[in-house]
Structures are given as C-alpha cells and as structure tokens.
Amino acid sequence: MRVEVLFPEFCNLFGDTGNIRFIKASVPDAEIINTDNRSVPYFVNGDVDMIYIGSMSERKQEIAVSRLLPYKDRLMELIENGVVVLATGNALELFGKHIKDKDEIIPMLDMFDFSTDRYIQEIRHNSMFIGEFEGMKIVGYKSQFSSCSGNFAEPFIKVNGGYGNDVDDKSEVKYEGLRYKNLFATYLLGPFLVLNPPFTKYILRLMGHDGSLAFEEEAMDAYNERVECLEDESTVFWMDEHG
C-alpha cells in the first residue's frame with residue numbers, strides 16, 4: 008500500500024496528521040510518501056493507492072492550488088480510476104470552482120461544480136457533528152470561516168446533527184462533504200480516521216487491506232461512546248463566534 012501525503016509542512020492543522028499515523032499503525036508495511044510543496048507530487052509519475060491532504064490556513068490554500076493546478080488532469084485521472092483521495096477540513100474547498108472573499112474571487116482547482124464563500128472577519132462556525140454514510144455513523148468536529156454550495160456530484164455524509172456544507176442551508180435533509188467514486192472530502196477536522204474506525208476500515212478495504220485496525224478495541228469503544236453522546240437529545244451541536 009502506497010499513501011501520498013500532500014504538503015504536510017502546512018496541511019497539518021487540528022491534528023490532521025493523526026489520520027496518516029493511524030493508517031501506518033494499522034498497516035505497518037504501508038509506504039508513506041510525504042510530498043512538500045516545492046516537489047512534484049509522486050502521483051504525477053507514480054502509482055499510489057491513496058492521496059491525503061489536510062487542513063491549512065486560508066493563505067496556504069492558494070499555495071496548495073498553485074502547486075496542484077499543473078497536475079489537475081492527472082489527479083482527476085486517478086480519481087476516475089478509483090484511487091482513494093481523502094481531504095479533511097478546508098482542503099475540501101480546493102476541489103471547487105473558486106473562493107469568494109468579500110470582493111475577491113480566488114480560483115481553485117475547478118474539478119467540481121461548487122464554490123465557497125469565506126467570511127473570515129464576520130463569524131466562525133464551531134460545531135460537533137454526527138451523520139451517516141453507507142450505514143455507518145460518522146462523527147467529528149468543524150471550525151470554519153466559510154461554507155460552500157453548488158453541485159457536489161454525490162454528497163458524502165447525510166447530516167443527523169450539526170452543519171452541512173452550507174451553514175445557511177435550511178433544507179430538511181442536509182449533506183456534508185463531497186464524494187465522487189473514492190474521493191472523500193469533508194469539512195470535518197483533525198484525526199477524522201481515528202474518530203471513525205468503521206470508515207477507516209471501509210477505505211482500507213478499498214485499498215485491498217483486510218480492514219483490521221491498530222488499537223481497534225479502544226478506537227471502537229471511544230467511537231461508540233461519542234456516537235451515544237451525539238445522539239442524545241440534549242446535545243447542543245454548535246457555538247458560533249462573531250468577529
């Protein structure tokens with residue numbers, strides 16, 4: 008198994024690098040390739056089973072896009088061929104058309120038909136989250152100055168509690184993240200795979216692994232306790248901070 012981690016020197020906010028450490032602990036013979044932002048990504052000329060990119064600052068989003076844009080077609084080819092791609096936090100926004108920040112339009116990779124509104128001086132949305140994907144409960148946390156709307160190909164997670172992609176969405180049924188083939192992009196932060204061992208087993212199986220996890224009993228105990236807490240009717244999911 009070969010996993011490429013893009014730009015770990017700055018795509019590492021909120022403990023996102025815990026996702027790769029969990030994969031390595033679960034699959035000790037996995038080859039982890041860390042690609043810094045000054046290097047040509049390994050996936051351009053080599054074969055990978057998974058590509059991972061984590062949360063970053065708003066300024067670093069522009070750098071990440073500039074580094075990936077020359078290889079956009081290759082990245083889409085790999086996605087079409089079923090390579091697993093996981094993007095957490097605001098890395099989701101890289102795959103859309105653009106980010107609108109006040110009067111500025113910042114182009115993104117334009118791989119999918121959605122766009123992002125950034126309101127960094129106005130409000131931060133902090134929330135817990137629970138949803139459902141392929142019969143699995145998905146849990147996590149969000150902290151964002153932005154939200155996105157448009158055509159998400161196939162939404163990733165049905166929202167049971169917390170915000171979806173568009174924090175102003177008043178629809179009865181809301182969705183979080185983007186899923187296309189084996190691309191999974193979500194605003195959920197940090198060690199997403201550690202928090203969601205059933206989903207981690209799912210993507211490991213997509214890559215041909217038997218799905219067994221490091222510290223599986225402990226991870227499942229913590230996961231089940233978190234699900235129980237978030238499904239409690241008294242749970243308050245969000246606290247918004249105004250600038």
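To convert, note that position 12 of the sequence shown is 19 in my numbering; the numbers rise steadily by one, no gaps.
Glycine included, C-beta positions come from ideal geometry on N, C-alpha and C.
Query                                                                                                          : Result
Run of the beta strand (DSSP E) containing Met83, from where it starts to where it stops                       : No beta strand (DSSP E) contains Met83, which is instead part of the alpha helix (DSSP H) from 79-87.
Cys236 classed as buried or exposed, judged by whether at least 16 other C-beta atoms fall within 10 angstroms : exposed
Reduced DSSP secondary structure (H/G/I, E/B, other) of Ser64                                                  : coil
Top-ranked residue by Cα proximity to Ile39, from Gly25, Glu11, Ala32, Tyr230                                  : Glu11
Closest by C-alpha distance to Gly22, when choosing among Asn133, Gly171, Leu200                               : Leu200
With 16 other Cβ atoms within 10 Å as the buried cut-off, status of Pro48                                      : buried
Beta-carbon proximity of Leu195 to Phe136, cut-off 8 Å                                                         : yes
Candidates Arg233, Thr42, Asn97, Ser64, of which the one nearest Glu183 by Cα                                  : Asn97
Burial state of Lys144, where buried means 16 or more other Cβ atoms lie within 10 Å                           : buried
Enclosing beta strand (DSSP E) for Ala94 [first to last residue]                                               : 91-95
Residue interval of the beta strand (DSSP E) (run including Arg45)                                             : Premise fails: Arg45 is in no beta strand (DSSP E) and is neither H nor E.
Cβ neighbour criterion (16 or more within 10 Å) applied to Gly89                                               : exposed
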